[in-house]
Amino acid sequence: MPVSPLLIGFCYAFVAGIAAARVLPVPPLAGAPLFALAALTFAAGGAVLARVGRRGWAAAGAGARAAAWAAVLGPGLALGLARQGAVDTAVTRRVAHVRVDGRSAELAGGPVALPEMARVALRKESATGRDLRLRLQGEVHARVLERDAAGIAALDERGRWPFTVAELPQRSDEVLVRARDPVGTVYPVAQPFTRVDRVEVVGDGEEAALSLHAVANHVATFARETRPAPPVRILGRVTGDPAVYPTRTVLTVTPAFLQESVGGPWYRIDGGDLHVEVRPEAPDYGRYAGRWAYGMDLEVAGELLAPRPQPFPGGFDARAFLRNHGVHGRLFPRRPVGDEGPALRPAPLPDGRLRRGAPHVVASLALRDRMLGVIKQTAPFPQSAFLGGVTLGLRHGLQGVRFEPDRLFRAVPPDEWEEDAEEDAEGEMLLFEQFRASGVNHVLAVSGLHVTILALLFAGIFSLLRIPRKVFVPVVILVLLVFAILTGARPSTVRAVIMHTLFLLAWAYLGQGLRASALLGVPVAALLILLHNPWMITDPSFTLSFGAILSLALLTPPVLALIEPLRGPALLAALTLVGAVTGTGILAFRWLATPAFALVAAAAAAAAWRLGRGLERRGTRLFGGRGLGDLPGPVTAFLAAQIGIQAGMMLPLSAYYFNRWAFGGAYANLVAIPLIGVVLQLSILAGLLGFVPGVGMTLALVMNAANGLFTALFLLLARGVAALFPFPFLRRPLLRDLVAWYAALAVVIWRAPLGRAAAALGARLGGAWPRLLRAWPAAAAVLLALPLAVGRPRPEPGLRVTVLPLGYASAVLVETPAGHRVLVDSGFADATGRRNDALRSILPFLSDLRIRDLDAVVLLSGAPERAAGLPSLLRHARVERVLLPAGLHPAAVGAGAARRPPVEVRAGDVLHAETWRGLPVRIEAVGHGATDRGPAPGLAVRVRVGDRAVLLAGDLGPEAQRALAEAEGEGLRADVLLAPGRAAGGPEPGAGKADVEAMLAGPTAAFLAQVQPSTVILEFGNPRPVLGRKRFEALRRHALGRRFYRQRVGPDGVLETDRDLAVFIRLDEDGVHVDTQAARLRASAQRVP
Amino acid sequence: MTDPRTRTLGWLLAGAFLLGLLVTALHPAYRGALRAIWSGAPETSPIWRSNERYYPRIGPRGEEVRPDAR
């Protein structure tokens, strides 16, 4: 029986099962039945395989073989579905039906006992004619934490938290089930229960059906969406290596118990880790800022916030990213009011010791830190940071590191660094950014490349020492395992270690080659990783890693077959093509994807070919008669592998995940990959030599002294490529585009067997078919192009206004029905490059909408939170016009790089006009005057379809608001208002509460009375990055402004971008349609998170 | 006989070692680091001092460095 193909098939079927469960979500709680189904399919499959095996594979007919394949693929698929179903956690689960009959209510099935104290909720299952008031009665088993005289909760000898349990009768507050609420409304009950005995009807009732639900004690259900969140307290254990950043430490904590309010009972937590963010100001910060915190038990009080979901289409989904790693909340330590003791403290065992983590992990992390000590002694900063990142996976230490060539290799003490850091930082990218822009950032993600280099180094050293292969292979495998642990056991490393282990075992004991073990190793590694954590299937670390290895294994041979025969005129033509692509990519990247370039490049290649032919006829031997096939085998194979990786992984997946593609990566990696091999080997060798007593550290210094040259070369390469080559934003491909792309690659990879199958089919059908089927590649191309030709999903008609949630910053995209695109404001960007709304938010959003050109960018004022992103925007998008408030100097906002001189705008100017379905569509400036920051000019812009309008009030100060209200009168009316000055004006200190209230009650109230909006949008978020110390004033003013708008417009009419995320407004002939990203996410969320 | 690739590795390592010796002899920071290692006080080395803010709690032997101990 062909065990290997069947096993490969089983693994891929399992992966397909998980993917299917994600696309067509299996209902929560379906995990158990699905596992039963999987077990059944396993039993049936086993029986079929045993039967086929007894008869012998060779003797089995086609039917029996098909049955054997089905017997393998079916269970794989079922297991995948079941595994994904098992990790889907329902937010609530129904525990009983409740029938209300007039004045009494009945729990179907009698009292409901819950396995743990839990929050419960009622759900409306039928319409009611009148309001119902219900109350639950039962029991609660409340845990009370025991503390010693010093207030410390110490663990018992077995490491358990010290609780006493009080069994108390429980009676809930009244639950009001309103008649007007739709069926399906969920009513949370304020008190927790361990047992619900009955439901009482308070006052008069009527017939109704409800259901009782228990809320999962999962971390995600306790986390709040926005700040300020009432502090909770947790008891838990640090279960991961602390991530130590220069400015904070993040602890991964698995909570065991959670207390929602001071003095309240403790819930036992049944799922989800959280990140505890510890700042250096915290008492005893050092206890948490290192490997020694791993395994520690902690008591932490603070705000528990849910990770931010995707704030707008194309934005970074921190919630999904952390969910993939099992993290469902972020806890910011803060002591609750009225509580005693520190916000964060370790919990000791009775003998005063702290618990430690798993011994093998502790040992691996100690080894890592020891090697880091060696690196710090033998490599100057920033080379040390680079070596720590690539050798030990310490990427956090590279955060904020800027690379300045004149400091390279000089061992400058940090004090001198800081003296002139400001001026040197000008225009210099962060090291991380340079690596991303040059396409070599993969070296910082410990991956298959690192594992291969490590395996080769150790195998080479053992061979040099003449140790037999069968003896040293287990040692190399052990080294790889330790390496995986000490670098954080990321999916890419785990994948590579599993594959290398299989390869090394097959090579040492079975005498098998690389390709056979790679084709088996990839799916087996995928199965093992996804069995452990199925969420990984869509995580970039997983898909990029597997994309890379599959590209290497599958695409290298066909690319090699394509390039090896190149010589003479064909080689000249190919080089011309590469030169044309490279030159055009550097000088005018946008032109690359146009048909005009394709024609010109093809013509140039054809001309080069003809020229080559002509020269050869005259006796000239091009390239000395040599071709790519004459290069040493490993060089051609490496070249082919690089082309394969770019086509199979970098281009499609970078565009899909990150909206960008490092064009220079294809070239930089030709040098970077061999170079990193040298750097990594010398660095590991130096790290290990440092352990040798006596001369060890001296030898390590010598090794890293040589390595310093290679490291410097690497850093200079990344810098040079980042400066020379573009790092453009691309139109984000849809999933179906990726499918078509990979299908096309599959045709290239399997063109020979496909061709044979087509020929065989043609011979079988006879007639004209053999000739027709010879054109199968053309048919395949048409089939692949079909999904692309049917057009993309069209947005709903009308004028669309999208308010992006950028915290304390602004950007609004206006798209008219005729396709005119205007961006109002360009977000914030700081001088250090750590925050840049244009690069991080606006351009990815435009990329998601497949927009590369903007007809105009309008700035409502020169405030940094509206204007500072403009230079980045101008660099990466084609902006036809920049429009500024009259009086604002273009140089003040970096508008000098605009294609045309910026245009001044005054009140009354029409920025754009068109007609749609007989309705006038206008973008017009309605107000111009002093902003809330003083005399600096600002604008208000109105977007209008017929008599429906959205007013973007910018930073207009009180006088400008009053003047606008008086000048326009009722003409100022708008359905939606983007509130002026982020609700209550600028951050300038000096204005007391009374002054701000007077401003709101005076000019702003008069302005609002003329606008009469049904919806007001408040753009607000953490002001710290923009305002620094002035943020407290802004926070105070915003709180007053928010209250003002809620009173005037009603709480339902106020949308806040920090809570509701992006706001989508559509104006059409039927009216104004307002939707938010948060509402869209809620509509699709039934699970945790 | 040793595998040719293994021999190449051996030559590369030997070459790197010679290159490292040259750099250590010529570069003042590396000379300073060598003196600090030999004198048993690695914290005085210019290379160590350039790394003062890089994982400041990790000592020369990977041990935890408490701020009051520095």
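Protein chains in written order, with the numbering used here: chain H, 1 to 1089; chain R, 10001 to 10070.
The beta carbon of each residue, even a glycine, is placed where N, CA and C say it ideally should be.
Just checking: is the beta-carbon of H/M296 within a distance shorter than 9 Å of some beta-carbon in chain R? Among the CB atoms of chain R, none fall inside 9 Å of the CB of H/M296.
Reduced DSSP category for H/I537 - H, G, I as helix; E, B as strand; rest coil: DSSP places H/I537 in helix when its eight states are reduced to three.
Kindly indicate if chain R contains any beta-carbon less than 9 Å away from that of H/R683. The sequence given here places Ser at residue 683 of chain H; Arg does not occur at that position. Judged by the 9 Å Cβ criterion, H/S683 is not in contact with chain R.
What three-state label does DSSP hand H/I923 in the structure shown? If DSSP states are grouped into helix, strand and coil, H/I923 belongs with the strands.
Element boundaries [beta strand (DSSP E), containing H/K470]: Premise fails: H/K470 lies in the alpha helix (DSSP H), R469 to L486, not in any beta strand (DSSP E).
Who are the Cβ neighbours of H/R495 in its own chain at under 6 Å, not counting the five residues just before and after it? Cβ neighbours of H/R495 beyond the five flanking positions: A525 and S545.
H/W1092 bridges to which residues according to DSSP? The first residue shown for chain H is 1 and the last is 1089, placing residue 1092 of chain H beyond what the model contains.
Suppose you measure from the CA of H/L530 to the CA of H/Y509; what does that come to, to the nearest Å? Each residue's alpha carbon lies about 28 Å from the other.
Using 8 Å for Cβ pairs, my map puts H/P346 next to H/D297. What's the rounded Cβ distance? The beta-carbon distance between H/P346 and H/D297, rounded to whole angstroms, is 7 Å. This is short enough to meet the 8 Å contact definition.
Checking contacts by CB at 9 Å: is R/A10033 closer than that to chain H? Interface residue (Cβ-Cβ distance to chain H less than 9 Å): R/A10033 is classified as such.
Assign H/P795 to one of three DSSP states: helix, strand, or coil. In the structure shown, H/P795 sits in coil (DSSP, three-state: anything other than H, G, I, E or B).
Using a Cβ-Cβ cut-off of less than 8 Å, give me the residues of the region 10042-10069 of chain R that come near chain H, in sequence order. Residues are counted here when their Cβ sits less than 8 Å from a Cβ of chain H; for the region 10042-10069 of chain R these are P10042, S10045, P10046, I10047, W10048, R10049, S10050, N10051, E10052, R10053, Y10054, Y10055, R10057, I10058, G10059, P10060, R10061, G10062, E10063, E10064, R10066 and P10067, given in chain order.
With distance defined between alpha-carbon atoms, name the residue in H/L505, H/Y656, H/R65 and H/T1015 nearest to H/V1063. H/V1063 has its Cα closest to that of H/T1015, out of H/L505, H/Y656, H/R65 and H/T1015.
To the nearest angstrom, how far is it from the Cα of H/L354 to the Cα of H/F163? C-alpha separation (whole angstroms): 19 Å.
Chain R contact for H/R395 (CB, 9 Å cutoff): With 9 Å as the cut-off, H/R395 does not count as an interface residue toward chain R.
Can you pull the DSSP bridge partners for H/R99? H/R99 is bridged by DSSP to H/E106 and H/A209.
Across the region 705-721 of chain H and the region 10020-10035 of chain R, are there enough close Cβ pairs to call them in contact, namely three or more that are closer than 8 Å? At 8 Å Cβ cutoff, the stretches touch.
List the whole-angstrom C-beta distance separating H/L754 from H/W776, where the pair is believed to meet the contact cut-off of C-beta under 8 Å. Between H/W776 and H/L754 the Cβ distance is about 7 Å, and since that is below 8 Å, they are a contact.
I'd like to confirm the pairing. Which residues does DSSP put opposite H/G563 in its beta bridges? Checking the displayed sequence, the identity of residue 563 of chain H turns out to be Ile instead of Gly. Note: H/I563 sits in no beta bridge, so no partner.
How would you call H/N1022, buried or exposed, if buried means at least 16 neighbouring beta carbons within 10 angstroms? It is exposed - the Cβ of H/N1022 has fewer than 16 other Cβ atoms within 10 Å.
If distances are taken between C-alpha atoms only, which option among H/A580, H/P569, H/V390 and H/L478 comes closest to H/G624? Closest option to H/G624, Cα to Cα, is H/P569.
On the three-state DSSP scale, how would you describe H/V112? Three-state DSSP puts H/V112 in a strand.
Under 9 Å, Cβ to Cβ, is there at least one residue of chain R near H/L713? No, its Cβ sits nowhere closer than 9 Å to a Cβ of chain R.
Between H/D1058 and H/R731, what straight-line distance do the alpha-carbon atoms span, to the nearest angstrom? Whole-angstrom Cα-Cα distance: 27 Å.
By DSSP, does H/F10 sit in helix, in strand, or in coil? In the three-state DSSP reduction, H/F10 falls in the helix class (H, G or I).
Can you name, in chain order, every residue of its own chain whose Cβ lies under 8 Å from the Cβ of H/V600, other than the five neighbours on each side? These residues qualify, in order along the chain: A580.
Please return the same chain residues whose Cβ sits closer than 6 Å to the Cβ of H/R147, not counting the five positions on each side in sequence. Shown here for H/R147: same chain residues with a beta carbon closer than 6 Å to its own, the five before and five after excluded, namely A153 in chain order.
What distance in whole Å lies between the Cβ atoms of H/G290 and H/P333, which are believed to be in contact at a cut-off of 8 Å? For a cut-off of 8 Å, the C-beta gap from H/P333 to H/G290 is around 17 Å, too long to register as a contact.
Where H/F691 falls: helix, strand or coil (DSSP): Coil at H/F691, not helix or strand.
Kindly list, in the order they appear in chain H, the residues whose Cβ is closer than 9 Å to that of R/A10016. Residues of chain H with a Cβ closer than 9 Å to the Cβ of R/A10016 are, in chain order, V678, Q681, L682, L685, V702, M703, A706, N707 and F710.
Output needed for H/L430: all residues of its chain with C-beta closer than 6 Å, excluding positions within five of it in sequence on either side, in chain order. So the qualifying residues of the chain are R402 and G833.
H/E423: buried (16+ other C-beta within 10 angstroms of its C-beta) or exposed? Note that H/E423 scores a pLDDT of 45, beneath 50, so its modelled location is shaky; the value from the coordinates is reported in the next line. Per the 10 Å Cβ criterion, exposed.
Can you name the residues of chain R whose CB is closer than 8 Å to the CB of H/P380? By Cβ distance, chain R contributes A10029, P10046, I10047, S10050 and N10051.
Quick check: H/R135 and H/V183, are their CB atoms within less than 9 Å of each other? Not closer than 9 Å, so no.
For R/N10051, which of helix, strand or coil comes out of DSSP? In the structure shown, R/N10051 falls within a coil segment according to DSSP collapsed to helix, strand and coil.
Here's the rule I'm using: 16 or more other beta-carbon atoms within 10 Å means buried, otherwise exposed. How should H/T247 be labelled? Label assigned to H/T247: exposed.
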